[in-house]
Amino acid sequence: MNKDDKLWVEFADEVIPPKISDSELILLESVFKKALARLDCTPKETDRFFKLEKDIPSLDLNLLLQALSRSALYAVRSESGALRISARNSFMHFLAMLKLQFRIERFLSIPTPAHSEPEESRIRSMALGICMQVLYLRLPRHSPKELSRWLMKPEIAPPLAQRTVRQLLGIQNIRNTLSFAWNGFFGTENGAPATRTLGQEEALPIPAKHEWEGLPVSPGQLESSYVLDPTSIPGECTVLIFSNARPETVRFFPYAQAVLYIRGGVLSHACCVARERKIPCITGLGREFLATLQQIRPARLRVDAEQGTVSLISPART
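In terms of numbering that gives the first Met the number 0, the sequence shown is numbered consecutively and its last residue is 317.
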């Protein structure tokens, strides 16, 4: 693959519904281009950053890198599927990264207005999301679990990475205050109850060992009953399990001993709120975890949110 090839990656920003329509894709493209312009990266009118694959938006990562770096940077995917950022030569890479980081820092130095029109807030929210992706490039090589632990305890991150980790947390906190601007933009309300998020997963063999590992978000250890995808306030405080770490799940937090997500980034709105409120939380537990819970009678879970592990206690088949 060379720098001119398209490289499509799933666009999983939390402000975007898991599935959108063609008309909603046009809205997303418009906001994204305006956000790039705020970062002094005005794209061409003919550029198309997104496409739909089974109603799920995908982003052309190479086109984004070209817009951000004046075509100096591009991404390649290894045989293992890992992504790597490259340039024509090491000096170009260094210079492009230096200029890009300068533009990002300049944008981040501009205070977020206390009151803005929804459109302006959406553009700034998206621009901040792009900034976060650029800041990831600053971090030393790390696994997803290492990043999770750094976000949980920034002081344990490598010394040169601690400032960036704290920046990422600060930016997401700002984005949380702007989430209102997306209400109704894609035809759904971010503040609506988190219903119909857990679809019936494909039936999978129930494993003999009922233990799963995800990404730790906020520490804590407990044993408790659980509720899959609550649509109303639970009768008792328990472990709540959702499909996606969406902002609307936060309304259930006062009734949760712990919150578990099948999918979702450690810097999503919901995960940041769980971390801030010190609610034990794990994300990225995967479809096998959900499929197993849907095939057994309710049991109790043992949650170790510091290690990111969940185990089922004395499960019973349906």
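No residue lacks a Cβ here, since even glycine has one placed at the ideal position from N, Cα and C.
Under the DSSP assignment, Leu214 falls in the beta strand (DSSP E) whose first and last residues are 214-217. Residue burial annotation: Pro110 is exposed, with fewer than 16 other C-beta atoms found within 10 angstroms of its C-beta. With a cutoff of 8 angstroms on beta-carbon distance, Leu284 and Leu259 are scored as near each other.
For the pair Ile281 and Ala304, the CB atoms are nearer than the 8 angstroms cut-off. Phe288 counts as buried, since no fewer than 16 other beta carbons sit within 10 angstroms of its beta carbon.
Nearest Cα to Ser85 within the set Asn61, Pro139, Gly128, Asn175: Asn61. Within the same chain, and ignoring the five residues on either side of Val8 in sequence, the residues whose Cβ sits closer than 6 angstroms to its Cβ are Leu58, Leu60. DSSP, reduced to helix, strand and coil, places Lys50 within a strand of the structure shown.
Contact between the stretch 42-58 and the stretch 86-93 is absent: fewer than 3 CB-CB pairs across the two stretches fall below 8 angstroms.
Judged by DSSP secondary structure, Leu127 falls within the alpha helix (DSSP H) whose first and last residues are 117-135. Taking the C-beta atoms as reference points, Val216 is found no nearer than 8 angstroms to Ser142.
The closest CA to that of Thr45, considering only Ser29, Pro279, Val249, is found on Ser29. Judged by DSSP in its simplified three-state form, Val8 adopts strand. Annotation: Gln306 is outside any beta strand (DSSP E) and is labelled neither H nor E by DSSP. If you draw a straight line from the Cα of Phe106 to the Cα of Ala290, it comes to about 43 angstroms. For Asp59, the enclosing beta strand (DSSP E) covers residues 55-59.
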